[in-house]
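Each residue of the sequence shown is one higher than the one before, starting from 17 at the first, in this note's numbering.
Beta carbons: idealized from backbone N, C-alpha and C, even for Gly.
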Amino acid sequence: GTTVAKTPRQTSRTNDITGGLPRVAELFEARRPREAAVIATIDGYVFISPDSIANVKKNAPPKNNGNAGTSKRSSIGKDKRTIVIKDPESADYEEQIIPKGKRIIVFDGDFVRKGTPLTEGSPVLTDLLEVCGPQELQEFLVNEVQQVYRTQGVEINDKHIEIIVRQMMRRVRITEPGNTKFLAGEAVDIQEFNKENKRQAEEGGEPAEAEPMLQGITKAALATDSFISAASFQDTTRILTEAATLGRVDYLRGFKENVIMGHLIPAGTGYYKAQNVRLEFNTEGLDLEDEQDSHKLEDRGAMDLESLDKHLDF
Numbered sequence: 017g018t019t020v021a022k023t024p025r026q027t028s029r030t031n032d033i034t035g036g037l038p039r040v041a042e043l044f045e046a047r048r049p050r051e052a053a054v055i056a057t058i059d060g061y062v063f064i065s066p067d068s069i070a071n072v073k074k075n076a077p078p079k080n081n082g083n084a085g086t087s088k089r090s091s092i093g094k095d096k097r098t099i100v101i102k103d104p105e106s107a108d109y110e111e112q113i114i115p116k117g118k119r120i121i122v123f124d125g126d127f128v129r130k131g132t133p134l135t136e137g138s139p140v141l142t143d144l145l146e147v148c149g150p151q152e153l154q155e156f157l158v159n160e161v162q163q164v165y166r167t168q169g170v171e172i173n174d175k176h177i178e179i180i181v182r183q184m185m186r187r188v189r190i191t192e193p194g195n196t197k198f199l200a201g202e203a204v205d206i207q208e209f210n211k212e213n214k215r216q217a218e219e220g221g222e223p224a225e226a227e228p229m230l231q232g233i234t235k236a237a238l239a240t241d242s243f244i245s246a247a248s249f250q251d252t253t254r255i256l257t258e259a260a261t262l263g264r265v266d267y268l269r270g271f272k273e274n275v276i277m278g279h280l281i282p283a284g285t286g287y288y289k290a291q292n293v294r295l296e297f298n299t300e301g302l303d304l305e306d307e308q309d310s311h312k313l314e315d316r317g318a319m320d321l322e323s324l325d326k327h328l329d330f
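Rendered as structure tokens:
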């Protein structure tokens, strides 16, 4: 009656898109994965150090018949392992500590790029941003979200995901304020940061330095410059109280706040830079009754519109 062997039976089940949505929410909210992977911090070859094993003599308990048990030797491994990554060009090396229980997915002698997972699991987004930079992180987010939908045959254009990722990374943290109005450690919008640095460059001042930030979509929506837009999303009482206490002014530059106030959205003819523009054609030296001159006027008007577009940064 003793079981000698078991035949594994593979069971199949159907999956749908809802099974991958928690992964999408995890990415867009920039949460730390439950099974976080250890990533390589530099490019180089992998050298896995052998586990330090201690041989311990262990006395076996007495047998049921009264005879003395035989002594055994057991191997006890340390709690952590070490992976060394060596750069063949610069001779630099980095040591990565692998916690106990993590399964290493690279082999001794493999060449890895920075950001490559060394263990099972998903990389932490903030670690990818620190090691690889914002460009690689943005590509990683787009590819990971697309992977969830493509497994179910859903085709989504990258631009829709890129818009969300852009909003997640639209703020930077000030490291060196220079002569700007910013404070060290302050989180500011990247457009405001570039505008202030441009002004300092024109005035001969010292520009500020900053590092990129990653925010989840919920936190990014609450950190918008428009308190009307933020209050319509979450924490309405707190946001309106803070705006009233600090005397903040909402300039209604976004879509959401203009829709709430019943104004035209800043797009097309509602774009604030185009509202007070008057286009005039130079008709000097042209006979408008002549058909050939009328075509010249149309061509001149098209050229004026092109220069207008460049001026308005459409």
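Comparing alpha-carbon positions, which option in the options lies nearest residue i?
i	options	result
Ile405	Asp59, Arg47 and Ala217	In the structure displayed, the chain extends from 17 to 330; residue 405 sits before or after that span and is not available.
Ile206	Asp241, Glu178 and Tyr61	Asp241
Arg186	Asp174, Val275 and Gln231	Gln231
Glu42	Ile190, Thr142, Ala224 and His176	Thr142
Glu192	Thr135, Glu222 and Ala217	Glu222
Val204	Ser65, Asn195 and Ala239	Ala239
Phe331	Leu256, Thr253, Gly263 and Ser248	The displayed coordinates of the chain run from 17 to 330. Any statement about residue 331 would go beyond what the structure contains.
Asp251	Val265, Arg264, Lys235 and Pro115	Lys235
Phe156	Ala107, Thr167 and Asp174	Asp174
Lys102	Ile120, Glu136, Ile121 and Phe63	Phe63
Pro115	Tyr109, Gly125, Ser106 and Glu136	Glu136
Ala224	Ala237, Thr196 and Arg215	Thr196
Ile120	Ile55, Gly149 and Thr19	Ile55
Gln168	Leu145, Gly36, Thr257 and Ala200	Gly36
Gln183	Gly125, Arg254 and Gln154	Gln154
Could you give the DSSP three-state label for residue i: helix, strand or coil?
i	result
Val188	strand
Gln207	helix
Ala46	coil
Arg119	coil
Phe127	strand
Lys235	helix
Pro139	strand
Tyr267	coil
Gly93	A caution first: Gly93 carries a pLDDT of 45, below 50, which makes its placement in the model unreliable, though a value can still be read off. In the structure shown, Gly93 sits in a strand (DSSP, three-state: E or B).
Tyr287	coil
Glu178	helix
Gln151	helix
Ala21	coil
Lys197	coil
Ile99	strand
Ile244	helix
Val62	strand
Ala226	strand
Ile172	coil
Pro104	coil
Ile281	coil
Gln216	helix
Gln112	strand
Taking all protein chains shown into account, decide if residue i is buried (16 or more other Cβ within 10 angstroms of its Cβ) or exposed.
i	result
Pro139	buried
Thr261	exposed
Phe127	exposed
Gly131	buried
Arg97	buried
Glu219	exposed
Asp213	The amino acid occupying residue 213 in the given sequence is Asn; Asp does not appear at that position. Burial call: buried.
Ala283	exposed
Ala217	exposed
Leu199	exposed
Ile172	exposed
Leu280	exposed
Thinking residue i and residue j are a contact (beta carbons under 8 Å), I'd like their distance in whole angstroms, please.
i	j	result
Ile180	Phe44	6 Å
Val164	Val40	5 Å
What number of angstroms, rounded off, separates the C-alpha of residue i from the C-alpha of residue j?
i	j	result
Glu227	Ala21	58 Å
Pro104	Tyr61	8 Å
Phe123	Gly117	17 Å
Ala246	Glu111	43 Å
Gly286	Asn274	10 Å
Ala53	Leu134	7 Å
Arg129	Asp59	4 Å
Ile113	Val100	9 Å
Glu208	Gln151	20 Å
Val265	Ile276	16 Å
Asp108	Ser65	17 Å
Ile177	Gln162	8 Å
Tyr267	Leu256	15 Å
Leu144	Arg189	17 Å
Quick one: is residue i near chain D, going by C-beta distance under 8 Å?
i	result
Glu258	The structure shown contains no chain D; it is built from a single protein chain.
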